[in-house]
Structures are given as structure tokens and as C-alpha cells.
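What follows is a single structure, written as C-alpha cells, with notes after it.
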Amino acid sequence: MENFQSLGLPEALMHKLEHLGFNKPTPIQKQAIPLVMQGRDILGSAQTGTGKTGAFGIPAIHKLLTSKTGGVLIITPTRELAAQVHESLTAFLAKQSSVKSALLIGGEPMGKQLNRLKAKPRLIVGTPGRLNDHLRNKTVDLSQTDYLVLDETDRMLDMGFIPDIERIFEITPFTRQVLFFSATMPPEITRIVQTFLHNPVRVEVARQ
Ligand code: AMP
0 MENFQSLGLP
10 EALMHKLEHL
20 GFNKPTPIQK
30 QAIPLVMQGR
40 DILGSAQTGT
50 GKTGAFGIPA
60 IHKLLTSKTG
70 GVLIITPTRE
80 LAAQVHESLT
90 AFLAKQSSVK
100 SALLIGGEPM
110 GKQLNRLKAK
120 PRLIVGTPGR
130 LNDHLRNKTV
140 DLSQTDYLVL
150 DETDRMLDMG
160 FIPDIERIFE
170 ITPFTRQVLF
180 FSATMPPEIT
190 RIVQTFLHNP
200 VRVEVARQ
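At position 203 of the sequence shown (counting the first as 1) the number is 202 in numbering that gives the first Met the number 0, and the numbers step up by one without a gap.
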């Protein structure tokens, strides 16, 4: 894929990409987006700054705009990264889009998140701890999640979030597509990849 035009993206999304100055895909976007749009699981290694968010975000928004069912869940290790990813993805959506989103992070009042969840968001970005609080309280429904992104998974390992990640894998549908990013592959992460990913394609991009 040499340009975004060749992907057959909805006009509203192409318009947003133009508006955001996304004229040409970055190397990781070139590699990953066509594979993701074919439905493949991805095992990726790319740093922030390479356009990684667009690599998983553009196909996520394409999916949400072209299908009435299914949900996207993106998990990041920190609140700051979750907020940044949420902002980047909602920037791909038109203001009046019927696709609702929620940012589920710790250190924020539950009330605001509960209100967002009542609107049945199909795009959820969050950190593992707060996501699991919502799961325990039965305030989030992940049964329709068919596109799951784990970003900076090795940092989640360092922060002790692996049990939370495994729980999320176990309660989302087996048929979900998984995009898994990690700079390193320690044994705990290899085990998760082997257990939960289906024949993933490796995508690697060095820092630009
Ligand atoms: P990321 O690595 O996803 O955090 O992206 C780094 C920066 O590059 C962000 O400010 C993005 O908005 C920008 N960016 C990502 N992809 C493109 C692209 N194809 N064209 C122009 N800017 C981009």
C-alpha cells in the first residue's frame, strides 16, 4: 500500500486524514494497515513516534464506520498514553459521528466514566486496572469486542498487569482480532502471544 487512497476507506475518514495532514502512510502504517484490514492478528514492535497509533487506529475506525456491530478495545499501560490514544482516535471521527467512545483510566471520577458507558461506546481505551474495576462492577460489557489492541505490553508486564490482561483476553470473544505491540518479548509475553493470538504476522519498525 503506497497511499491511503488505495485502501477504500470511507470518505469521512479520508477527509479527517487529510485534515490531520496524514498525506502519506508511515512505514509501520504501510506494513500493518493492509494486513489488519485483512483481519490478521499482528505482533508488532514499534516505538511511539513511528505512527503506530494510526497503524492500529485507522483500521479500527474503518471497522467501526463500516460495521454496525462489534467493538474496539485498546489497552495501554499508563493513563497518559490512554488519554493520548483516545484523543488520536476520536480525531479520526467526525464530531457528529454516531460512534461513541469512552476513556477508562484510574485517578478519574467513576461517575463520568459510568455516564460514557451508559451510551454503549463501541470504542474503549483504557488502562488494565480501571478496566478490571469496571469488569468487576459489571459496568462495562466487552462481550462484543472483536478488535483488541495491546500497546506497550512489556511495560504492562513491568507494572504487574499481566493477570488483568489475561482476564480481559478470557472474557472477550475467542474470534476477536488481536493487535499486540511490545518492544521486548520476555517469556511471560511469549506465553500470552502463544495462548491468545492466532497465527500473528510480525511487524517491526525501528525508531525514526
Ligand atoms: P505515534 O507514533 O502514533 O504517536 O505518532 C506520532 C506523530 O505522527 C503523531 O503526532 C501523529 O499525528 C503523526 N502521524 C502519524 N501518522 C502520520 C502520517 N501518516 N502522516 C503525518 N503524520 C502522522
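Just so you know, even glycine gets a beta-carbon here, dropped at the ideal spot from N, CA and C.
Secondary structure of Q28 (DSSP, three-state): helix. For Q193, no beta strand (DSSP E) run applies; the uninterrupted alpha helix (DSSP H) run containing it begins and ends at 186-195, by DSSP. Within its own chain, the residues whose Cβ lies closer than 6 Å to the Cβ of P76, once the five positions on either side in sequence are excluded, are E151, R154, M155, M158, listed in chain order.
Rounded to whole angstroms, the separation of the alpha carbons of L116 and D163 is 20 Å.
In this structure, DSSP gives S5 a helical state, which the three-state scheme calls helix.
Across the structure, A11 and Q95 are spaced so that their CA atoms are roughly 11 Å apart.
In this structure G125 is not in contact with L147, their Cβ atoms being roughly 12 Å apart against a cut-off of 8 Å.
Partner residues in a beta bridge of G159, as assigned by DSSP, do not exist. Proximity annotation: the ligand AMP has residues L19, G20, F21, N22, K23, P24, T25, Q28, T47, G48, T49, G50, K51, T52, G53, S87 in chain order, each selected because its CB is closer than 7 Å to a heavy atom of the ligand. Inter-residue distance for L8 and L34 is about 14 Å (C-alpha atoms, whole angstroms).
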